[in-house]
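Taking my numbering, the leading residue of the sequence shown gets 1, the next gets one more, and so forth. Cβ coordinates follow ideal geometry from the N, Cα and C atoms, glycine included. Note that the coordinates shown come from a computational prediction; the quantities given were computed from them, not determined experimentally. Report on one structure; see the data block that follows.
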Amino acid sequence: MLTRKNKLLLYKLLSLFSIVRGYNILMITLAQYLASIYILSPDLPLRKVVFDINLFLIVTASALVIASGYIINNFYDAEKDLINKPTKSMLDRLVSQRFKLTTYFVLNFLAVFAASYISFRAVVFFSAYIFGIWLYSHKLKRIPFLGNLVSATLAIAPFFVVFVYYWNFETVIFVHAIFLFLLILAREMVKDLENMPGDLAQNYKTVPLLYGAKVSKAYITLLVVLAGVPGYLLITVFDVGLMYVYFIAVLILLVIFLGLLWASSAKMQYVWLHNILKFIIIVGVFSILLIDTDLVLNRIL
1 MLTRKNKLLL
11 YKLLSLFSIV
21 RGYNILMITL
31 AQYLASIYIL
41 SPDLPLRKVV
51 FDINLFLIVT
61 ASALVIASGY
71 IINNFYDAEK
81 DLINKPTKSM
91 LDRLVSQRFK
101 LTTYFVLNFL
111 AVFAASYISF
121 RAVVFFSAYI
131 FGIWLYSHKL
141 KRIPFLGNLV
151 SATLAIAPFF
161 VVFVYYWNFE
171 TVIFVHAIFL
181 FLLILAREMV
191 KDLENMPGDL
201 AQNYKTVPLL
211 YGAKVSKAYI
221 TLLVVLAGVP
231 GYLLITVFDV
241 GLMYVYFIAV
251 LILLVIFLGL
261 LWASSAKMQY
271 VWLHNILKFI
281 IIVGVFSILL
291 IDTDLVLNRI
301 L
């Protein structure tokens, strides 16, 4: 039987996990490793990639910075989240603002410390990444479209550092990256539609609040159509193994998404649209295994 003190500690741990969105960090970590194994270094032995200490430190530093980023974002958005996400916000408030800030600085220090074992350039990159997330949370997210653009760039940064580490800049990798970036940017703009009540109350200047929902939907439509271009190229031009099935399914789903987008007007409908794009991105992580199924089997067995 848990005592009152232990229950409180458990609730605080759940609250902290909710704030740092631990499930998102786990997905990003998995994506970094899968991309490293099956896209960026397909010729290296599995053991050499998985037990590469520098890659481990890169992934660890990325996870720490992302976690700290969620904390500082939660810190600045505390009032807005009371309106947009009341249930989650009540759970998050089990952890004090002071504790959030303390954890934020500790995580950033640990991230830079981990990066220092890799190289000075890694320290510079992660320090800039930390500053970029803070600047976005404090100022840039209130600027229409620029905030969305910066948020999508910060989201894709952990993959960029892995690309640089393996120094693999094949065209197909850039096409994958553009596809992912455009989907993330579209998702960020859908979130603005979803969060309009809280954004309005906190005087956030987002695209739907300044120019209206129709203009925002037009931008999202443009981004989705543009995302279809690299998606189509990955099916017809590049060799992505059985992953072409994923891209065909995504293109069909994106057409359905656009139909639902223009028919939507309520918060819950926008939440569903947000979840569709999130689902596409998450499934895309596991679909990396389809690029070369023989390679997967050989590396597992």
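- Figure out for me which residue from S68, S96, L64 and L234 has the closest Cα to the Cα of L180. Stepping through the sequence shown from its first residue, residue 180 is reached at position 180. The closest CA to that of L180, considering only S68, S96, L64 and L234, is found on L234.
- Alpha-carbon spacing of F113 relative to V150, whole angstroms: Sequence index remark: in the sequence shown, residue 113 carries index 113 (1-based). Sequence index remark: in the sequence shown, residue 150 carries index 150 (1-based). Near 25 Å, if we compare the C-alpha coordinates of V150 and F113.
- Query: If we count the other Cβ atoms within 10 Å of its Cβ and call it buried at 16 or more, is H176 buried or exposed?
  - Reply: Position 176 of the sequence shown holds residue 176. So H176 ends up on the buried side.
- Query: Is the beta carbon of K108 sitting closer than 8 Å to the one on S68?
  - Reply: Here the question's residue 108 lines up with position 108 in the sequence shown. Here the question's residue 68 lines up with position 68 in the sequence shown. Reading the sequence as shown, one finds Asn at residue 108 and not Lys. It is a contact, given that the beta carbons lie within the stated cut-off.
- Message: On the CB-based measure, 16 or more other CB atoms within 10 Å of its CB, does D239 come out buried or exposed?
- Response: The residue labelled residue 239 in the question sits at position 239 within the sequence shown. It is exposed - the Cβ of D239 has fewer than 16 other Cβ atoms within 10 Å.
- Task: Would you grab the beta carbon distance between I72 and I28 for me? Rounded to a whole angstrom, and I think it's under 8 Å.
- Result: Taking the sequence shown and counting its residues from 1, one reaches residue 72 at position 72. Taking the sequence shown and counting its residues from 1, one reaches residue 28 at position 28. With 8 Å as the limit, I72 and I28 do not qualify as a contact, their Cβ atoms being about 17 Å apart.
- Message: Given this structure, state the Cα-to-Cα distance separating F247 from G231, to the nearest angstrom.
- Response: If you number the sequence shown from 1, residue 247 lands on position 247. If you number the sequence shown from 1, residue 231 lands on position 231. In a straight line, the C-alpha of F247 is about 6 Å away from that of G231.
- Item | Endpoints, alpha helix (DSSP H) assigned at Y246 | In the sequence shown, the residue the question calls residue 246 occupies position 246. M243 to A263 is the extent of the alpha helix (DSSP H) around Y246.
- Segment limits, alpha helix (DSSP H) that includes K141: Along the sequence shown, read from residue 1 onward, the residue named residue 141 stands at position 141. Neither: K141 is in no alpha helix (DSSP H) and is coded neither H nor E.
- Task: Answer with buried or exposed for S96, where buried requires no fewer than 16 other C-beta atoms within 10 angstroms of its C-beta.
- Result: Numbered from 1 along the sequence shown, position 96 holds the residue referred to as residue 96. Exposed, by the Cβ-count rule.
- Message: For K141, which residues in the same chain have their Cβ closer than 6 Å to its Cβ, ignoring the five residues on either side in sequence?
- Response: Counted from its first residue, the sequence shown places residue 141 at position 141. For K141, where only same-chain residues beyond five positions count, the Cβ hits under 6 Å are G147.
- Message: Short of 7 Å in beta carbon distance, which residues of its chain neighbour V190, apart from the five on each side in sequence? Order them along the chain.
- Response: Along the sequence shown, one-based indexing puts residue 190 at 190. Excluding positions up to five away in sequence, the list reads I220, Y270, L273, H274 and L277.
- Item | Nearest candidate by alpha-carbon position, reference S287, set M243, L254, N168 and W262 | To locate residue 287, count along the sequence shown from 1; it is residue 287. Out of M243, L254, N168 and W262, M243 has the C-alpha closest to the C-alpha of S287.
- Message: My assumption, with CB atoms under 8 Å, is that L34 sits in contact with V285. Please give the rounded CB distance.
- Response: Residue 34 sits at position 34 when you count from the first residue of the sequence shown. Residue 285 sits at position 285 when you count from the first residue of the sequence shown. L34 to V285, Cβ: 6 Å. Contact.
- Query: Is it true that the CB of L210 sits closer than 8 Å to the CB of P144?
  - Reply: Mapped onto the sequence shown, residue 144 falls at position 144. Mapped onto the sequence shown, residue 210 falls at position 210. Against a cut-off of 8 Å, the Cβ pair of L210 and P144 comes out as a contact.
- Measure the alpha-carbon distance for R187 versus L258 and round it to whole angstroms. Here the question's residue 187 lines up with position 187 in the sequence shown. Here the question's residue 258 lines up with position 258 in the sequence shown. For R187 and L258, the distance between alpha carbons rounds to 12 Å.
- Message: V250 and I280 - do their beta-carbons sit closer together than 8 Å?
- Response: Taking the first residue of the sequence shown as 1, we reach residue 280 at position 280. Taking the first residue of the sequence shown as 1, we reach residue 250 at position 250. Contact: yes.
- Item | Contained beta strand (DSSP E) runs [length at least 3] in the segment 151-212, N- to C-terminal order | Runs of the beta strand (DSSP E) inside the segment 151-212: none found.
- Query: Going by the CB atoms, is the gap between L154 and L182 shorter than 8 Å?
  - Reply: Counted from its first residue, the sequence shown places residue 182 at position 182. Counted from its first residue, the sequence shown places residue 154 at position 154. The answer is no: Cβ separation not under 8 Å.
- Task: Along the alpha helix (DSSP H) that carries S287, what are the first and last residues, could you check?
- Result: In the sequence shown, residue 287 corresponds to position 287, counting from 1. Start and end: K267 to S287.
- Check whether the Cβ atoms of S62 and P158 lie closer than 8 Å to each other. Counting from 1 along the sequence shown, the entry for residue 62 is found at position 62. Counting from 1 along the sequence shown, the entry for residue 158 is found at position 158. Yes. Within cutoff.
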